[in-house]
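What follows is a single structure, written as structure tokens, with notes after it.
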Amino acid sequence: TMNIDTNPWLDWVHIGLQFQIEHHLYPRLPKHNLRKARDLVKVVCKKHGIHYHEPCFFQAVRDTMMTLSSAAAHARSSKKGKSGFYESALWDGLTLSG
């Protein structure tokens, strides 16, 4: 999950969806308090050496598109197994067959 760094005056456009980290930490926190919670979470992350990923809007869109492209390429490379279903590393791990 990642946040997206936006200007405060655009908070009403993004309806709080740009604060995914804080939303997952505090799911019942009202959206008008998420920006304040973000400031507090960033301090805690810095104190404990935890990377706080918050790219700008365009970088976030680029990162998302690159991740989707990578997942699609991986899905295209999968092959049907003997059972007729597509095989994947995730399924092999879950069934302890890989």
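Quick note on this note's numbering: the sequence shown kicks off at 3 and runs consecutively. Yeah, the Cβ is synthetic: ideal placement off N, Cα and C, and Gly gets one too.
Cα separation between residue 40 and residue 72? Reading the sequence shown from its first residue, position 38 is the one you call residue 40. Reading the sequence shown from its first residue, position 70 is the one you call residue 72. Their backbone Cα atoms lie some 30 Å apart in a straight line.
Can you look up residue 82 in the DSSP assignment and give me helix, strand or coil? Locating residue 82 in the sequence shown gives position 80, where the first residue counts as 1. Looking at residue 82 - three-state DSSP - the assignment turns out to be strand.
Expressed to the nearest angstrom, what Euclidean distance is found between the alpha-carbon atoms of residue 91 and residue 78? Mapped onto the sequence shown, residue 91 falls at position 89. Mapped onto the sequence shown, residue 78 falls at position 76. When rounded, the distance between both Cα atoms is 13 Å.
Outcome for residue 61 when other beta-carbon atoms lying within 10 angstroms are tallied against a minimum of 16: By 1-based counting over the sequence shown, the position of residue 61 is 59. So residue 61 ends up on the exposed side.
Through-space distance from residue 80 to residue 42, alpha-carbon basis: Position 40 of the sequence shown, counted from the first residue, corresponds to residue 42. Position 78 of the sequence shown, counted from the first residue, corresponds to residue 80. So the two alpha carbons sit approximately 43 Å from each other.
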